[in-house]
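Participant:
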Amino acid sequence: MAAALPDEQLNVHFRRGQEIPHDQVRVIPESLPNDNIGRNMKRFQPYFNNEGGGGCWPYPAVDSDGNWSGGLKPSGKESGDCRNSVGQVYVRGAWYKGRYGIMYTWFAPKDETGVGGGHRYEWEGAVIWVNNPNVPDAKMVGGAVSAHHGWKTTTNIAGDVSFYQGHPLCKYYVDTAVFGTHRIGWTDKVGGLQPAVAWEQLPAPARNALLSTDWGHATFMLGYGFLDHLANAYPF
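If you want this note's numbering, it's the position in the sequence shown, counting the first as 1, plus 4.
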């Protein structure tokens with residue numbers, strides 16, 4: 005297990021927020037570093053398409069004050085009460101074995117199957133690997149999409165990944181092989197872009213909430229163990 009990075013430490017001097025209804029969590033305005041890394045984080049941000057109409061849209065998991073989402077019980081329709089949000093995407097990058105991985109993670113209040121199974125809270129993600137994030141003309145050299153605590157990786161960008169205005173296209177869809185829960189995949193259909201917030205740009209109360217909240221069966225991948233998740237998504 006990789007050692008915790010300095011900004012993964014909980015700041016005990018911040019008063020913790022509270023759990024609030026999933027549709028009352030306020031979106032954090034987009035905030036990315038004002039440098040080539042930040043511009044590449046935006047440039048390679050995947051379009052997110054809820055393919056097939058099932059499942060929740062992305063929602064913010066926490067707000068600037070450190071309040072966190074109460075999520076939803078997996079009951080009713082797969083997309084019941086969770087298709088009315090502009091969403092949020094959380095971003096963090098790091099070097100690993102000579103490439104730079106940009107990890108994007110989306111949160112949903114629940115992951116529900118078509119037969120009523122599933123769980124409260126959902127985290128899924130994608131990693132875009134680039135050759136050098138410090139230059140304006142960085143090239144995508146690999147990718148990974150998450151599925152049930154694992155990753156499907158590729159270096160066949162031309163064959164596996166479609167783009168729109170330079171952004172990779174991802175889908176959130178039902179994985180019939182795993183009890184009908186949802187995962188991320190590549191697609192040729194254009195979805196939407198959510199306000200992106202880099203890990204380092206998050207207000208401290210929000211970062212504390214992301215680290216300290218019990219997300220149940222879901223895993224928040226940008227905090228503790230981030231480098232391990234990035235290593236597991238390495239396609240080379």
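Glycine is no exception: its CB is placed at the ideal position from the N, C-alpha and C atoms.
(1) Three-state secondary structure (DSSP) at H153?
(2) Are the beta-carbon atoms of R103 and N53 separated by less than 8 Å?
(3) CA-CA distance, K46 and V66?
(4) Does L173 pass the burial test, meaning 16 or more other C-beta atoms within 10 Å, or should it be called exposed?
(5) Just checking, does the region 66 to 82 make contact with the region 16 to 35 on the three C-beta pairs under 8 Å criterion?
(6) Which full runs of the alpha helix (DSSP H) of 4+ residues lie inside the region 184 to 230, going along the chain?
(7) Could you check which residue in P207, G42, P113 has the C-alpha nearest to that of D141?
(8) Indicate whether W155 and A237 have their beta-carbon atoms separated by less than 8 Å.
(9) In chain order, which beta strand (DSSP E) runs of at least 3 residues are fully inside the region 13 to 83?
(10) Can you tell me whether G97 is helix, strand or coil according to DSSP?
(11) So, for H152: in the same chain, excluding its five sequence neighbours on each side, which residues have a beta-carbon less than 8 Å away from its beta-carbon?
(12) Measuring only the C-alpha atoms, how far is V29 from L206?
(13) Return helix, strand or coil for D85, following the three-state DSSP convention.
(14) Cα-Cα, which of S35, Q169, N212 is closest to D192?
(15) What does the alpha-carbon distance come out to for the pair W127 and T217?
(16) Does the distance from the CB of K77 to the CB of K114 come in under 8 Å?
(17) Beta-carbon within less than 6 Å of V145's beta-carbon, same chain only, minus the 5 sequence neighbours each way: which residues are those?
(18) Do you know offhand how far T117's Cα is from E55's?
(19) Can A148 and P50 be called in contact, C-beta distance under 8 Å?
(20) Do the CB positions of P37 and A208 come within less than 8 Å of each other?
(21) Cα separation between S89 and E204?
(22) Between the alpha carbons of V194 and M225, how many angstroms are there, rounded?
(23) Under a three-way DSSP split, which group does A235 fall into?
Facilitator: Let's see:
(1) Stepping through the sequence shown from its first residue, residue 153 is reached at position 149. Three-state result, H153: coil.
(2) Looking up residue 103 in the sequence shown gives position 99. Looking up residue 53 in the sequence shown gives position 49. No, the pair does not count as a contact, with Cβ atoms beyond the cut-off.
(3) Indexing the sequence shown from 1 puts residue 46 at position 42. Indexing the sequence shown from 1 puts residue 66 at position 62. Roughly 21 Å between the two C-alpha positions.
(4) Here residue 173 refers to the residue found at position 169 when the sequence shown is read from its first residue. Its Cβ being crowded by 16 or more others within 10 Å, L173 is buried.
(5) Touching, per the Cβ criterion.
(6) 208 to 216
(7) Counting from one through the sequence shown, the residue named residue 141 turns up at place 137. Out of P207, G42, P113, the CA that lies nearest to the CA of D141 is found in G42.
(8) As a working mapping, residue 155 is identified with position 151 in the sequence shown. As a working mapping, residue 237 is identified with position 233 in the sequence shown. Closer than 8 Å, so yes.
(9) 51 to 54
(10) Residue mapping note: residue 97 aligns to position 93 of the sequence shown, counting from 1. G97 falls in the strand class under three-state DSSP.
(11) Here residue 152 corresponds to residue number 148 of the sequence shown, with the count starting at 1. Taken in chain order, the residues that qualify are D179, V182, T185, R187.
(12) As a first step, residue 29 must be located in the sequence shown, where it is residue number 25. As a first step, residue 206 must be located in the sequence shown, where it is residue number 202. Whole-angstrom Cα-Cα distance: 15 Å.
(13) Locating residue 85 in the sequence shown gives position 81, where the first residue counts as 1. Three-state DSSP puts D85 in coil, outside helix and strand.
(14) Taking the first residue of the sequence shown as position 1, residue 192 is located at position 188. Nearest of S35, Q169, N212 to D192, Cα basis: Q169.
(15) In the sequence shown, the residue the question calls residue 127 occupies position 123. In the sequence shown, the residue the question calls residue 217 occupies position 213. Taking C-alpha positions only, W127 is separated from T217 by approximately 13 Å.
(16) As a working mapping, residue 77 is identified with position 73 in the sequence shown. As a working mapping, residue 114 is identified with position 110 in the sequence shown. A contact, by the Cβ cut-off of 8 Å.
(17) For this step, residue 145 is matched to residue 141 along the sequence shown. These residues qualify, in order along the chain: W133, N135.
(18) Mapped onto the sequence shown, residue 117 falls at position 113. Mapped onto the sequence shown, residue 55 falls at position 51. The straight-line gap from Cα to Cα measures roughly 14 Å.
(19) Counted from its first residue, the sequence shown places residue 148 at position 144. Counted from its first residue, the sequence shown places residue 50 at position 46. Result no, Cβ atoms of A148 and P50 do not sit closer than 8 Å.
(20) Walking along the sequence shown from the start, residue 37 turns up at place 33. Walking along the sequence shown from the start, residue 208 turns up at place 204. Taking 8 Å as the Cβ cut-off, P37 and A208 do not qualify as a contacting pair.
(21) Numbered from its first residue, the sequence shown carries residue 89 at position 85. Numbered from its first residue, the sequence shown carries residue 204 at position 200. Taking the straight line joining both Cα atoms gives about 24 Å.
(22) Within the sequence shown, the letter at position 190 stands for residue 194. Within the sequence shown, the letter at position 221 stands for residue 225. Each residue's alpha carbon lies about 25 Å from the other.
(23) Here residue 235 is taken as the residue at index 231 of the sequence shown, counted from 1. Helix at A235.
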